[in-house]
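Numbered by the numbering used here, the letters in the first sequence go through residues 70 to 423 in order. Just so you know, even glycine gets a beta-carbon here, dropped at the ideal spot from N, CA and C. For clarity, every value in this text was computed on a predicted model and none was experimentally measured. Just below is one structure, and these are the notes that go with it.
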Amino acid sequence: MTEAQFAARLIAWQQQHGRKDLPWQQQVTAYRVWVSEIMLQQTQVASVIGYFGRFMQSFPSVQTLAKASDDEVLHLWTGLGYYSRVRNLKKTAHIISEQYGGEFPASVKALAELPGIGRSTAGAILSLAMGLPAAILDGNVKRVLARYSATSGWPGESKTAAILWDLAERFTPTEQTAIYNQAMMDLGATLCTPKLPACAECPVQSGCRAFARGSQSLYPTPKPRKTLPQKRSLMPIFARKDGCILLERRPPAGIWGGLWSLPELDTIEALEPLAQRYALDLGERRALALISHSFSHFRLAIEPWLIEVNESANAVAEDHYLWYDPDNPKRLGLAAPVAKLLKYAAQINRRKAL
DNA sequence: TAGGCGTGGCT
DNA sequence: TAGCCAAGCCT
Numbered sequence: 070m071t072e073a074q075f076a077a078r079l080i081a082w083q084q085q086h087g088r089k090d091l092p093w094q095q096q097v098t099a100y101r102v103w104v105s106e107i108m109l110q111q112t113q114v115a116s117v118i119g120y121f122g123r124f125m126q127s128f129p130s131v132q133t134l135a136k137a138s139d140d141e142v143l144h145l146w147t148g149l150g151y152y153s154r155v156r157n158l159k160k161t162a163h164i165i166s167e168q169y170g171g172e173f174p175a176s177v178k179a180l181a182e183l184p185g186i187g188r189s190t191a192g193a194i195l196s197l198a199m200g201l202p203a204a205i206l207d208g209n210v211k212r213v214l215a216r217y218s219a220t221s222g223w224p225g226e227s228k229t230a231a232i233l234w235d236l237a238e239r240f241t242p243t244e245q246t247a248i249y250n251q252a253m254m255d256l257g258a259t260l261c262t263p264k265l266p267a268c269a270e271c272p273v274q275s276g277c278r279a280f281a282r283g284s285q286s287l288y289p290t291p292k293p294r295k296t297l298p299q300k301r302s303l304m305p306i307f308a309r310k311d312g313c314i315l316l317e318r319r320p321p322a323g324i325w326g327g328l329w330s331l332p333e334l335d336t337i338e339a340l341e342p343l344a345q346r347y348a349l350d351l352g353e354r355r356a357l358a359l360i361s362h363s364f365s366h367f368r369l370a371i372e373p374w375l376i377e378v379n380e381s382a383n384a385v386a387e388d389h390y391l392w393y394d395p396d397n398p399k400r401l402g403l404a405a406p407v408a409k410l411l412k413y414a415a416q417i418n419r420r421k422a423l
C-alpha cells in the first residue's frame, strides 16, 4: 500500500466512522483547538469534555484568558492534573494577545516556541484549526504507526521517536490534513486500541505488518517500569469554630504547583511549630481514615488529622494562606485529595452542628 | 536523556 | 488490588 493509499483509506474511514461531535470540533477556531489540545495532553477525551465546556464559558477568547486570575483558571482546572499546563496556558495567552495581535502564528516553529506547545500540539493546531499540512504524533498515532510498520522500541527513546516522526511526516497528506489527522487519532482511540484491537474493521489492515505477524500486542514497546516510591505525609485540617479550614498556597513549581492545599507535615512533631507560626491554640484532635493517592511517579499515603483551633493574630503573609469556608467556597485551585478531604471535614462539622 | 508532572478509568 | 494507560511538554 502506498502512502497516498494509506491516507485515502484513513480519510474515507473517518468520514464514515470518525468522531465529529466533540465540543472542540464545533465552531472551530485556533483558540478552541489550542485549549482542547492542552487539556487532552495525557488526558482522556471523556475526562476533558466537561472541563472544556466550563472553560469556554468562562474564557471565550484568548484575551479573556490572558486577563484572568491564576486562581480562577486553576479553579476550572481542579481535578484535571498537570497544573503546569495552566501556567503555560496563561503565558501563551499573554504572548498571543500582546505580541501576535490575538492571532495564533501559522508555523510549527513559531507555535512550538510558545510555552506548553510542542511539535505534536503545534501540528494539531495547524492542521485541525487552520487546515494546513502538518503531522501530529500523539499516543494514538504512535500506536497505529508502530503496529503498521512493526517498529520496536519505546517511543520515549529519541531513536524510536525519530523513526515514528519520520513515518508520520511521510504518511501525512498535504490535502485534507485535518480529516487525516483526526482519522489517525480516532482509529487509535476506537479500533487500534492498546488492548484487543479491532483489526477486522481496520481500513489499513491489509498493509499492517503487526497484523500480518499476529504481533499487535508487541507494539508499541511499553515504557520500562520501575516500582513507584511510596511516600507518606500528615495533613492537619485546622478547623475554626465557624467551620473555616486553613489552606496554604503551594509553591509555583513541583507537585500541585500553585494550588491551594492543606499543610503537609512529615511527622506529628512538626505540628506544634506549625501551630505556633499561625498562632493557633490547638483543641481536640482526631485521626481520619488514611487516603491513598497515586501519582505517575510516586504513591502518597495521606494521614489526615481533624484539629479544632482557636486563632489569634499571626505574622504569616496574607497571600500564603487563607481560611476556607466550605459552605461558601472561594473559587480557587485545589489538589484532588484535598478537595475530597474538605468535603469530608465539612460533613463532620455539619453533623456536629446538628 | 531521564525524570518530573495528576488524575481517573479500566482490567 | 495494583498496574497500565491516556490528544505530551519541560528541564
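Contact belief for residue i with residue j at Cβ below 8 Å, rounded distance in angstroms
i    : j    : result
R78  : V210 : In fact, because the Cβ distance is near 15 Å, the residues do not count as touching under 8 Å.
I425 : L183 : Here the chain covers residues 70 to 423 and nothing more, so residue 425 does not appear.
R294 : A219 : R294 to A219, Cβ: 23 Å. No contact.
M108 : G276 : Wrong, their Cβ atoms sit about 33 Å apart, outside the cutoff.
L236 : L214 : 5 Å
L206 : L180 : With 8 Å as the limit, L206 and L180 do not qualify as a contact, their Cβ atoms being about 15 Å apart.
H389 : E317 : 6 Å
F128 : A137 : 6 Å
Cβ neighbour criterion (16 or more within 10 Å) applied to residue i
i    : result
I186 : buried
D255 : buried
G402 : buried
N383 : exposed
K300 : exposed
G312 : buried
L149 : buried
K159 : buried
G323 : exposed
P321 : exposed
P263 : exposed
A386 : exposed
L328 : buried
R319 : buried
Option nearest residue i by Cα separation, candidates the options
i    : options                : result
M125 : R319, W93, A281, S153  : W93
G192 : S361, K412, W82, A99   : A99
T296 : V407, S363, A179       : S363
Y249 : A204, P291, T290       : A204
F240 : K292, A76, K409        : A76
W374 : E333, P398, S381       : E333
G87  : Q111, Q251, Y288       : Q251
P406 : S166, L331, G327, R123 : L331
Y151 : A339, R346, T229, T112 : T112
T190 : S286, K89, S105, F121  : S105
First through last residue of the alpha helix (DSSP H) which encompasses residue i
i    : result
I205 : Premise fails: I205 is in no alpha helix (DSSP H) and is neither H nor E.
R294 : Here R294 belongs to no alpha helix (DSSP H), and DSSP marks it neither H nor E.
W103 : 99 to 109
I324 : Looking at the DSSP string, I324 is not in any alpha helix (DSSP H), and its letter there is neither H nor E.
Y347 : Taken as a continuous stretch (DSSP letters only), Y347 belongs to no alpha helix (DSSP H), as it is neither H nor E.
W82  : 72 to 86
I360 : Not the alpha helix (DSSP H): I360 falls in the beta strand (DSSP E), residues 360 to 363.
6 Å Cβ shell around residue i - same chain, five flanking residues per side excluded
i    : result
A162 : V131, L134, A135
P202 : T243, T246
A356 : W374
P289 : K211, R212, A215, P224
S221 : T290
Range of the contiguous beta strand (DSSP E) that encloses residue i
i    : result
G192 : That residue, G192, is in no beta strand (DSSP E); its alpha helix (DSSP H) goes 188 to 193.
A279 : It is not in any beta strand (DSSP E) - A279 instead sits in the alpha helix (DSSP H) that spans 278 to 282.
S302 : 299 to 308
R400 : No beta strand (DSSP E) contains R400, which DSSP labels as neither H nor E.
Cβ-based neighbour list, residue i, same chain, cut-off 8 Å, excluding 5 preceding and 5 following
i    : result
S361 : R368, L369, A370, I371
S284 : A219
V102 : W93, A193, I194, L197, A198
L352 : One detail in the question is off: residue 352 reads as Gly in this sequence, not Leu. So the list reads I376, E377, V378, N379, once near-sequence residues are dropped.
W82  : A252, L256, P272
Beta-carbon contacts of residue i that lie in its chain and below 7 Å, excluding the five residues immediately before and after
i    : result
I337 : L303
T147 : G402, L403, A408
F307 : I314, L315, L349, I376, V378
R278 : Y217, S218, A219
E72  : R239, F240
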